[in-house]
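**Q** The structure follows.
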Amino acid sequence: MSAAVSVGAILTGFVATALAILAALPNDSMMGRIRNSGYINELVPHLAQALYGCLAFSVLSLCAFFPMKDNAQLSTYWTTSWVMIGIFSSFAFVRVVSTLMRILRLP
Numbered sequence: 058m059s060a061a062v063s064v065g066a067i068l069t070g071f072v073a074t075a076l077a078i079l080a081a082l083p084n085d086s087m088m089g090r091i092r093n094s095g096y097i098n099e100l101v102p103h104l105a106q107a108l109y110g111c112l113a114f115s116v117l118s119l120c121a122f123f124p125m126k127d128n129a130q131l132s133t134y135w136t137t138s139w140v141m142i143g144i145f146s147s148f149a150f151v152r153v154v155s156t157l158m159r160i161l162r163l164p
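Have a look at this one:
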């Protein structure tokens, strides 16, 4: 679980840093064109979902450190939730990286 917390924190940090870098870009750069085109309304939720997903994975991994009651259904639900959030976080990370690469390729 400690490795999962580390991975979740790294993914969350990367997505948050990418969001901060894009927000800090001046309006006379490509970010200004994205804002003027209206695509910013699609980009912000796209990045926010990835940030919240990675943060949820970190929190679930951190909560797994604490003892839980020995309930088979709870354990199954917990494991299923953790795996699903982990898969979502991985795909969200890949999605954000590919989006940033497309933005960097803009002339």
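Numbering of the sequence shown is given in the numbering used here, commencing with residue 58 and proceeding in unit increments.
Ideal Cβ positions, reconstructed from N, Cα and C, are used throughout, including at glycine.
Keep in mind that this is a model prediction, so the values were computed, not measured.
(1) Would you call the segment 131-145 in contact with the segment 78-96, where contact means no fewer than 3 C-beta pairs closer than 8 Å?
(2) Report all residues from its chain with a CB closer than 8 Å to the CB of N84; omit the five preceding and five following residues, and keep chain order.
(3) Using the Cβ count rule (16 or more neighbours within 10 Å means buried), how would you classify C120?
(4) With distances taken from CA atoms, which of V140, V151 and M158 is nearest V116?
(5) Out of V153, A107, A113 and T156, which one is the CA nearest neighbour of W135?
(6) The alpha helix (DSSP H) that contains A81, what's its start and end?
(7) Looking only at its chain, what residues have a beta carbon closer than 7 Å to the beta carbon of I97, apart from the 5 residues adjacent to it on each side?
(8) Where does N93 fall in DSSP's three states?
**A** In brief:
(1) no
(2) Within the sequence shown, the letter at position 27 stands for residue 84. So the list reads R92, once near-sequence residues are dropped.
(3) Counted from its first residue, the sequence shown places residue 120 at position 63. Exposed.
(4) Within the sequence shown, residue 116 is the residue found at index 59, counting from 1. Nearest of V140, V151 and M158 to V116, Cα basis: V140.
(5) On the sequence shown, position 78 is the one that residue 135 refers to. For W135, the nearest C-alpha among the options comes from A113.
(6) The residue you call residue 81 lines up with position 24 of the sequence shown. Residues S59 to A81.
(7) Here residue 97 refers to the residue found at position 40 of the sequence shown. The answer, listed in chain order, is I91.
(8) To locate residue 93, count along the sequence shown from 1; it is residue 36. Reduced to three states, the DSSP call for N93 is helix.
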